[in-house]
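Engineer:
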Amino acid sequence: MVRVSSPEIGSFSVARTNVSVSSATSALKGLTLNGSAPAPRATPESSPRAVHPTSSPATPSTGGSRLAGLRLSKTVLTDREATETSFLLELLGERARVVEVPLPNGLSQPRLPDRTFVDNGRTYQFAACRVFDDGATPWGGKRRCMRCVYYAASGPCFGDPSEELLPPLDLQAELERWADWRALPSARKAASRLELLQSPARLEHAVRQLTSDHFELIDEPQPSSESGGCGFVPEGLLAELLGGGRAAQRATAVQVRLFAPALGVFKGILAARRGISRIQLPPSMRKLPPSAANAADGRALLLVTRVHPSRTSLQMGKLARGVPPCASFRQRRFSPMIARLLEARGVPPRVIEAYAGGNRRGLRGPHGARAGGDDAGEEEEEGGEEEASPASAATGDVEPVSHPALRAEAWLVGVASPEAGLPAGHVAIPGLDAPRVPLVRGVGPCVFVTRSPCVLPTDGRVVPVVTARPGGMSAEAWAALSERSFGEVVFSNEGRQALPEAISSGDLDGEDRPRLCDLYFVSWDARLVESIAPGGDAPLPDAAPAAKAEPAQPEVAAEESSLRLGDDWLALAQEHMTDAATLREGCAVGKLYRAGERKAKESPRGLDDPDAIACFAAYRQAIDHGKHGAGVELPEHLRKELKL
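Taking UniProt numbering, the leading residue of the sequence shown gets 1, the next gets one more, and so forth.
1. Along the chain, where does the beta strand (DSSP E) containing residue 279 start, and where does it finish?
2. Under 8 Å by Cβ, that's how I've got residue 485 and residue 435 pegged, so tell me the actual separation to the nearest angstrom.
3. Is residue 411 helix, strand or coil by DSSP?
4. Using a Cβ-Cβ cutoff of less than 8 Å, which residues in the same chain neighbour residue 177 once the five nearest sequence positions on both sides are dropped?
5. Compute the Euclidean distance between the alpha carbons of residue 544 and residue 503, then round it to the nearest angstrom.
6. Rounded to whole angstroms, what is the Cα-Cα separation between residue 455 and residue 616?
7. Nearest to residue 235 by CA position, among 251, 131 and 471, is which residue?
8. So is residue 130 buried or exposed if we call it buried at 16+ other beta carbons inside 10 Å?
9. Tell me whether residue 326 is buried or exposed, calling it buried when 16 or more other Cβ atoms sit within 10 Å of its Cβ.
10. Ignoring anything shorter than 4 residues, give me the alpha helix (DSSP H) runs that lie fully in the region 415-485, in order along the chain.
11. For residue 501, which option in 632, 414 and 84 has the closest C-alpha, if you only look at C-alpha atoms?
12. When DSSP labels each residue in this structure, what does residue 613 get in the three-state scheme?
13. Would you mind working out which of 155, 466 and 119 sits nearest residue 447, comparing C-alpha positions?
14. Check for me: the beta strand (DSSP E) holding residue 208 runs from which residue to which?
15. State the start and end residues of the unbroken beta strand (DSSP E) segment that holds residue 153.
16. Could you compute how far the alpha carbon of residue 62 sits from the alpha carbon of residue 148?
17. Use the C-beta contact count for residue 173: other C-beta atoms within 10 angstroms, 16 or more gives buried, fewer gives exposed.
18. Can you grab the Cα-Cα spacing for the pair residue 113 / residue 94, in whole Å?
19. Taking the beta carbon of residue 479 as the centre, do at least 16 other beta carbons fall within 10 Å, making it buried, or is it exposed?
20. With three or more beta-carbon pairs closer than 8 Å as the criterion, would you say the region 184-198 touches the region 277-286?
21. Which residues mark the beginning and the end of the beta strand (DSSP E) in which residue 234 is found?
22. According to DSSP, which residues form a beta bridge with residue 352?
23. Report the CB separation of residue 346 from residue 523 in whole angstroms; it is logged as a contact under 8 Å.
24. If you compare alpha carbons, which of 322, 299 and 269 is closest to residue 306?
25. Alpha carbon to alpha carbon, what distance is there between residue 87 and residue 288?
26. So what's residue 182 in DSSP terms, helix, strand or just coil?
27. Starting from the Cα of residue 279, find the closest Cα among 636, 166 and 217 and give me that residue.
28. When you compare the region 145-159 with the region 205-215, are there three or more beta-carbon pairs, one atom per stretch, that lie closer than 8 Å?
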C-alpha cells in the first residue's frame, strides 16, 4: 500500500499491481493529480496557496489504476490547505508530486515506486526521498514510510488546457545553483544533504527571502565543533522573521535551514543575541559549500523549522517560577529511558518511583522506550502538550498526570551562550528560579542534564547552574540572559571541552524529526540531584580557553576537501537513497536499540551490562553509519542472536 499526497486532492493510498498508468486519472474522475506543491513566494510575508479541485470527488475505482508503478486502491482526502512546506517543494513549485511508501517491519525487502512515471501526459522523475515516522501499529510498533518527491520534467503546462509545454528542468543544475554539491565526498553524504532539502516547516514560518548581506561568518562559539551547530540572530530580526506579535517577541531561538548560493547550505539553531546587526553563522552549521557556478547570486532562503520556546516549555516555565500551569495542561509520564539512566547513576528505585508518581509498570515495560531511543519526545506545538511516542502511547506511558504530580523537569533546547562571561563547565537556565535549584555540597546550585537518546551510564551529568551574576559577566549581559524565556539551557562557551559534547555526545544543531531534535532533559528535583552517586561524572578538562576554529571559508569544508563526487553526484545519491540495503539500515538501528534495552532490563547490572553496552554502542555507530558511513562493531554472539 502506498499513500500519495498532493495539496490539490489530499493524500491517497496505492497498492502494488501491474495495471496501466493511463487509467489512474480516470479512476479519480473529477480529481486532478497535476502538481502538488505551492509555487515559491515573491515576498517573505506571502504564503503559498494550495490548488483546490474544481469538482467534487467521486468514489474511485479500486480495480486497477496505477501510479508510479503501484496500484491505486484507496483515496484518502485531507484538508485542502497545506500546513507544511520544504525547500525542495518550494524549489519545484507546482511541478512537485509526493508519494509516501510504507516500509515493511523488520529487515524484509521494501517495494519501491518507479523512478519515472507518466500522468496526464507529463513525465515525472524521481528527485529525492526521506524516511519519516508514520504512526503506530495496533500492538504498539512503529510504522515508517519513505516520502518520495517527484517533479514534472516534461509535458503540458499546468492550469487551463493549453498546448504550451513545460520549460525544461535540469534538477541537478538547479541544485548546483544553490551549493557546490560536487564537492561532497560520497553518495551517502550527498543523500544526507538532500534530506535537508526536505526538512518540513510550518507555513506560518515557512521560507523567508533574505540576502547574503543579512549574514556573516563567525568563529565557532563552542570550544569544539563537535558541540557546534548554534549561531546567533539579532533580537529584532528574529521577531520580524516570526511575524511580530507576542509569540515572536518571547522567542529566544529558532531551528533553521539556510540556502544561499554565496554562502552554501546551513543547518542548526539560531539563538537571539543583543548588539548584533547580522545573522551569525559558525563553521559547524555549514553542510554544503557555496555554489561553484552561481556564487555571485545574493539570494538567501531561510527556512524556520521550529521555534523555541514551545508551548509546553512555556507551561513548564510557570512551574519553574512556582506558578501553576494552565488547568488544561498535562505532563507526559516519566521516560523509561531516563529511569534506566538514573538507576545506573545510583538513584534508589524508591526515589525514582516517588518522582515518577509511583508507577513502575509503565517505566519498565517492553515497549517503554521507542525504538531508536527517542521516547523523550518533543512538544506538540499546536496542542501544547508533549507528544507521545507510538510505542509508549500503546503501553500507557503518556497517560496525563494531574498538577500535583508535575515533575520538576523539562526538555529544553541547547544553545551556545549569547553573552560572554558564563563560567566554563556551567549552564544558565533562564526562567528557573534560583531557590528551586538544588544545592550540591562542595559545588553549589546544580541540575541533572542528559540528552536523548541516553543509553550509557555516562550519558547524564550533574551540572552547575549559574543563579547569580558571575564575576566575569557584565550587569547588562546578566540582565539580558536572565530575561530570556524559559525553554533553553544555555551552555558556556569557555573551557577546553564543550559541555554538550560531554553529555551523551551532544551538540546544538537540532534535528527535523520530533524525537531526534537534540533536546536536553533537565531536572531540578532535589531528590534526584542529591541521589546521583558522586564521582560518576568524568571531569572536564581545565577551564583554559581553547583555540577557536577559523570562520567557515568559501572553499570546500575540511571533511569534504580530499574527495569529490563530481558530475554524477545526484544519480549516485538517488541510487543510495533507494538502495534496499540503505533502507534496511534504519531497521537495524531500531533493532539494536531494542536489544540493548532488553539486555539492560533483564540484567541486574542494568546499563552496565556488557551486552547492553555493546548493543547501545552499535546503535550509536549505526546512526553515524547512516550519516557518515562509519562501521558498526558488535560481538559475534550478539550478531548471531540478532541475525545481523
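Built from N, CA and C at the ideal position, the CB exists for glycine as well. In this text, all values refer to a predicted model and were calculated from it rather than measured experimentally.
Structural biologist: According to the structure data:
1. In the sequence shown, the residue the question calls residue 279 occupies position 279. For residue 279, the enclosing beta strand (DSSP E) stretches over residues 279-281.
2. Start at 1 with the first residue of the sequence shown, and residue 485 comes out as number 485. Start at 1 with the first residue of the sequence shown, and residue 435 comes out as number 435. Residue 485 to residue 435, Cβ: 20 Å. No contact.
3. For the purposes of this step, residue 411 is taken as residue 411 along the sequence shown, with counting starting at 1. Residue state, collapsed to three classes: strand.
4. For the purposes of this step, residue 177 is taken as residue 177 along the sequence shown, with counting starting at 1. Here the set comprises 261, 291, 293, 294 and 297.
5. Numbered from its first residue, the sequence shown carries residue 544 at position 544. Numbered from its first residue, the sequence shown carries residue 503 at position 503. Per-residue confidence for residue 544 stands at a pLDDT of 45, beneath the threshold of 50, marking its modelled position as unreliable; the derived number appears in the next sentence. When rounded, the distance between both Cα atoms is 20 Å.
6. Taking the sequence shown and counting its residues from 1, one reaches residue 455 at position 455. Taking the sequence shown and counting its residues from 1, one reaches residue 616 at position 616. Each residue's Cα considered, the two are about 6 Å apart.
7. Here residue 235 is taken as the residue at index 235 of the sequence shown, counted from 1. The shortest Cα separation from residue 235 among 251, 131 and 471 belongs to 251.
8. Residue numbering aside, residue 130 sits at position 130 when the sequence shown is read from its first letter. Buried, since its Cβ has 16 or more Cβ neighbours within 10 Å.
9. If you number the sequence shown from 1, residue 326 lands on position 326. Classification of residue 326: exposed, given that the 10 Å Cβ count is below 16.
10. 475-482
11. As a first step, residue 501 must be located in the sequence shown, where it is residue number 501. Nearest option by C-alpha distance: 414.
12. In the sequence shown, the residue the question calls residue 613 occupies position 613. Reduced to three states, the DSSP call for residue 613 is helix.
13. Working through the sequence shown from its first residue, we reach residue 447 at position 447. Comparing Cα positions, the closest option is 466.
14. Residue 208 sits at position 208 when you count from the first residue of the sequence shown. That run of the beta strand (DSSP E) goes 207-211.
15. Walking along the sequence shown from the start, residue 153 turns up at place 153. From DSSP, the beta strand (DSSP E) with residue 153 extends over 142-154.
16. Position 62 of the sequence shown, counted from the first residue, corresponds to residue 62. Position 148 of the sequence shown, counted from the first residue, corresponds to residue 148. Interpretation of residue 62 is limited by its pLDDT of 42, a score under 50 that renders its predicted location unreliable; no figure is taken from the coordinates.
17. Stepping through the sequence shown from its first residue, residue 173 is reached at position 173. By the neighbour-count rule (16 or more Cβ atoms within 10 Å), residue 173 is not buried but exposed.
18. Numbered from its first residue, the sequence shown carries residue 113 at position 113. Numbered from its first residue, the sequence shown carries residue 94 at position 94. So the two alpha carbons sit approximately 21 Å from each other.
19. Within the sequence shown, the letter at position 479 stands for residue 479. Residue 479 should be labelled exposed.
20. no
21. What you label residue 234 is simply residue 234 of the sequence shown in a count that begins at 1. First-last of the beta strand (DSSP E) with residue 234: 230-234.
22. By one-based count along the sequence shown, residue 352 stands at place 352. Per DSSP, none; premise fails for residue 352.
23. Start at 1 with the first residue of the sequence shown, and residue 346 comes out as number 346. Start at 1 with the first residue of the sequence shown, and residue 523 comes out as number 523. Actually they do not touch by this definition, with Cβ atoms about 15 Å apart.
24. For the purposes of this step, residue 306 is taken as residue 306 along the sequence shown, with counting starting at 1. It is 269.
25. As a working mapping, residue 288 is identified with position 288 in the sequence shown. As a working mapping, residue 87 is identified with position 87 in the sequence shown. Each residue's alpha carbon lies about 15 Å from the other.
26. As a first step, residue 182 is located in the sequence shown; it is residue number 182 there, counting from the start. Helix.
27. Within the sequence shown, the letter at position 279 stands for residue 279. From the listed residues 636, 166 and 217, the smallest Cα separation to residue 279 is found for 217.
28. Cβ pair count under 8 Å is below three, so no.
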